[in-house]
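Take a look at the structure below.
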Amino acid sequence: MIKRLMAALAALTLLTGPALAQSRNCAPRETVVQRLAEGYGETRRSMGLGANNAVIEVFASETSGSWTITVTGTNGMTCLVASGQAFETMTDTPPAAGEDT
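When you line the sequence shown up against mature numbering (1 follows the signal peptide of the UniProt record, and there is no 0), it's residues -21 to -1, 1 to 80, in that order.
Here it is, written out as structure tokens:
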């Protein structure tokens, strides 16, 4: 009986671990935007509408090159989807050979 209980607790721990980790990556949109601005110097660079009317946004910092992609649901909660370094703004068409960008 104790072995079954321990196995059930272990399984529950494994299943709830990712859910708890994911919940830490979401907060009200105002909070997320403020933290990205104050903590990383990131501002919104682009946005679009995703599935189920979710708003997808890209935040980035010209100074540090850090970037973050967020998804905001219709409930106002914003979740961090991805982040990284070396953000660059691209032009629609590459410049001609020999031209500066």
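From the three backbone atoms N, C-alpha and C, an ideal C-beta is built for every residue, glycine too.
Item                                                                                                                                                                          : Value
Would you call GLU21 buried or exposed, if buried means 16 or more other Cβ atoms sit within 10 Å of its Cβ?                                                                  : buried
I think VAL60 touches THR68, with their Cβ atoms under 8 angstroms apart; what is that distance to the nearest whole Å?                                                       : That pair is no contact at about 20 angstroms.
Would you tell me roughly how many angstroms separate the C-alpha atoms of CYS5 and THR57, rounded to the nearest one?                                                        : 5 angstroms
Just to confirm my understanding: we take GLY29, look at its own chain, exclude 5 residues before and 5 after, and list those with CB closer than 7 angstroms. What are they? : ILE35, VAL50
Where does ALA16 fall in DSSP's three states?                                                                                                                                 : helix
With distances taken between CB atoms, is the gap from TRP46 to GLY18 smaller than 8 angstroms?                                                                               : no
Given a cut-off of 8 angstroms on the beta-carbon distance, is the pair PHE38 and ARG23 in contact?                                                                           : yes
If you drop the 5 nearest sequence neighbours on each side, which residues of the same chain put their C-beta closer than 8 angstroms to that of THR42?                       : GLY20
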